[in-house]
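**Q** Residue numbers (this note's numbering): 161 to 493.
We put the beta carbon where it would ideally sit given N, CA and C, even for glycine.
If you're wondering where the values come from, they're calculated on a predicted model, not measured in any experiment.
Before I ask anything, let me first share the structure, which is written out below as structure tokens.
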Amino acid sequence: MGHQFFFTPFILDKLPAPSHGFDVFQDLSEPRLRVYITSRGVTTFFVRKRVNNRDKRIIIGKYPEITVEQARAAVPEILTRVTTMPRHRRAVTFKRLIAMYMENRVRRSEYSRIKLERAINRHLTALFDKNITKITSDDIRSVIAAISGPAISGRMQELLQSIFSYAIDSGFVCENPVAHLDKIPRIRHACPLNKIRFQRLVAAINETENQNLRAAFLMLIYGFTPKSQIFAMQWRDLDFNLCMWGEHPLADAAVVVLQDIPQNGRWVFPGRGRGHLTDPRYAWRHVVSIAGMSQLTMDDVYKYLTRQLVWAPDKAKLRENMNNLLNDLTSPL
């Protein structure tokens, strides 16, 4: 802005009126405060604020009915009131808020998005029909308490915190009801793998009667990729001639496992219905129970193997390193 100076009654009284339209001036003492003077000589204090993605002029009052000191003092209060003003007077349900949140804030893969939506539909349906301005901390606390397990309930509480933060940023509500809740303590399990435990795990997996689950769990070990990618593996991405899975090299042990699976349908590891395997947690609990490592998760296996693997940019060298690591882990003590 070209016209900037310290607002004083002496200067404002002598501001020349433009021949047409209006001129705008900014206060150097309170840069958010401005005045405009019209061709008729009317001087008015105002502030600018972006509200609902639109630049809005908020009138404070006319000078000299409002003094410079009064106008400066009013700026913080006015901006705070506008920021906390609900965006819409019509009722917005929590279900509608989630739809907007998923569209505008969630940046995930298709599989991860489907998994999140499934968790929301499973745990947060009690809030769906509620007006978001009426949802209280007690409502949130009740929903969280109904979720079994501190890990899932903690993630759902964090998700609700994020959803209501989005609601505040969008102007739908003024306060986050999750902010008043204590964080759910996470139980950090410790079940580090080593060569002996690794071999016990492989032996327990090989005892799994279901061929689909047995192969999927073995690929968690031989695939060197996260479980979400393993379970969503498709036949069209596999090249057994080059021992490749898309751009990812396959270890010899992985190729052996995959070649023993009947190639029926789109998915290597089909799940219920037409989809792929998603989260066989109960079968996994049975496996790790047999192995004597009840706290071991599928993610623990992936993290352990990727820490042990010597990574290489060359795919042939990386595949060689995979084979060497698996041979070492499965060799007799």
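Within the continuous beta strand (DSSP E) that includes D183, where are the two ends?
**A** Within the sequence shown, numbered from 1, the residue matching residue 183 stands at position 23. Start and end: F182 to D187.
**Q** Using CA coordinates, which residue listed in D187, V447, I328 and A279 is at the minimum distance from R315?
**A** For this step, residue 315 is matched to residue 155 along the sequence shown. The option with the nearest alpha carbon to R315 is A279.
**Q** Among the residues of its own chain, which have a CB less than 8 Å from the CB of V461, if the five just before and after it don't count?
**A** Here residue 461 corresponds to residue number 301 of the sequence shown, with the count starting at 1. Here the set comprises L353, L361, L380 and I381.
**Q** Among residues of its own chain, excluding the 5 on either side of N484, which ones have a beta-carbon nearer than 7 Å to its beta-carbon?
**A** By 1-based counting over the sequence shown, the position of residue 484 is 324. Cβ neighbours of N484 beyond the five flanking positions: none.
**Q** Distance check for R217 and Y442, CA to CA, integer angstroms please.
**A** Numbered from its first residue, the sequence shown carries residue 442 at position 282. Numbered from its first residue, the sequence shown carries residue 217 at position 57. Computed Cα separation, rounded: 59 Å.
**Q** Roughly how many whole angstroms lie between the Cα atoms of R445 and V333?
**A** Translated into the one-based positions of the sequence shown, residue 445 becomes position 285. Translated into the one-based positions of the sequence shown, residue 333 becomes position 173. Each residue's alpha carbon lies about 42 Å from the other.
**Q** Report yes if the CB atom of S308 is closer than 7 Å to the CB atom of I344, and no otherwise.
**A** For the purposes of this step, residue 308 is taken as the residue at position 148 of the sequence shown. For the purposes of this step, residue 344 is taken as the residue at position 184 of the sequence shown. Contact flag unset, no.
**Q** Using DSSP with H/G/I as helix, E/B as strand and the rest coil, what is H163?
**A** Looking up residue 163 in the sequence shown gives position 3. In the structure shown, H163 sits in coil (DSSP, three-state: anything other than H, G, I, E or B).
**Q** Taking the alpha-carbon positions, what's the K290 to T253 distance?
**A** Here residue 290 is taken as the residue at index 130 of the sequence shown, counted from 1. Here residue 253 is taken as the residue at index 93 of the sequence shown, counted from 1. One C-alpha to the other measures close to 5 Å.
**Q** Let me check understanding here. Comparing Cα to Cα, which of P224, K209, R192 and R301 lies closest to L172?
**A** Counting from one through the sequence shown, the residue named residue 172 turns up at place 12. Measuring from the Cα of L172, the nearest candidate turns out to be P224.
**Q** Specify the secondary structure class of W427 as computed by DSSP and reduced to three states.
**A** Taking the first residue of the sequence shown as position 1, residue 427 is located at position 267. Three-state result, W427: strand.
**Q** Candidates F182, V228, A233 and S330: which alpha carbon is nearest I292's?
**A** Within the sequence shown, the letter at position 132 stands for residue 292. Nearest C-alpha to I292: S330.
**Q** Counting Cβ pairs closer than 8 Å, one from the stretch 229 to 238 and one from the stretch 270 to 284, do we hit at least three?
**A** Contact between the stretch 229 to 238 and the stretch 270 to 284 is absent, because fewer than three Cβ pairs lie under 8 Å.
**Q** What residues match up with D399 in a beta bridge as DSSP calls it?
**A** Residue 399 sits at position 239 when you count from the first residue of the sequence shown. Paired residues: M404.
**Q** Compare the Cα-Cα distances from V320 to each of P409, R265, S449 and F391 and report the closest residue.
**A** Position 160 of the sequence shown, counting from 1, holds the residue named residue 320. Val is not the amino acid found at residue 320; the sequence shown has Leu there. If we check each option's Cα against that of L320, R265 comes out closest.
**Q** Using DSSP's beta-bridge definition, name the partner residues of Q394.
**A** Indexing the sequence shown from 1 puts residue 394 at position 234. Bridge partners of Q394: W427.
**Q** Is it buried or exposed, H163, if we count other Cβ atoms within 10 angstroms and call 16 or more buried?
**A** To locate residue 163, count along the sequence shown from 1; it is residue 3. Flag for H163 reads exposed.
**Q** Quick one: Cα of Q317 to Cα of T368, how far?
**A** For the purposes of this step, residue 317 is identified with residue 157 of the sequence shown, where counting begins at 1. For the purposes of this step, residue 368 is identified with residue 208 of the sequence shown, where counting begins at 1. Taking the straight line joining both Cα atoms gives about 35 Å.
**Q** Which same chain residues, not among the five before or five after I238, have their C-beta less than 7 Å away from its C-beta?
**A** If you number the sequence shown from 1, residue 238 lands on position 78. Cβ neighbours of I238 beyond the five flanking positions: V207, I218 and I220.
**Q** Taking the beta carbon of I295 as the centre, do at least 16 other beta carbons fall within 10 Å, making it buried, or is it exposed?
**A** In the sequence shown, the residue the question calls residue 295 occupies position 135. By the 10 Å Cβ count, I295 comes out buried.
**Q** Using 6 Å as the cut-off, classify the Cβ of L469 as near or not near the heavy atoms of the ligand COA, replying yes or no.
**A** Within the structure as shown, the ligand COA is missing, as the structure has no ligands at all.
**Q** With a Cβ-Cβ cutoff of 7 Å, do V428 and M393 count as a contact?
**A** Within the sequence shown, residue 428 is the residue found at index 268, counting from 1. Within the sequence shown, residue 393 is the residue found at index 233, counting from 1. In this structure, M393 lies closer than 7 Å to V428 by Cβ.
**Q** Leaving out five residues on either side along the sequence, give the residues of the same chain with a beta carbon under 7 Å from the beta carbon of D397.
**A** Reading the sequence shown from its first residue, position 237 is the one you call residue 397. Same-chain partners within the cutoff: W405 and G406.
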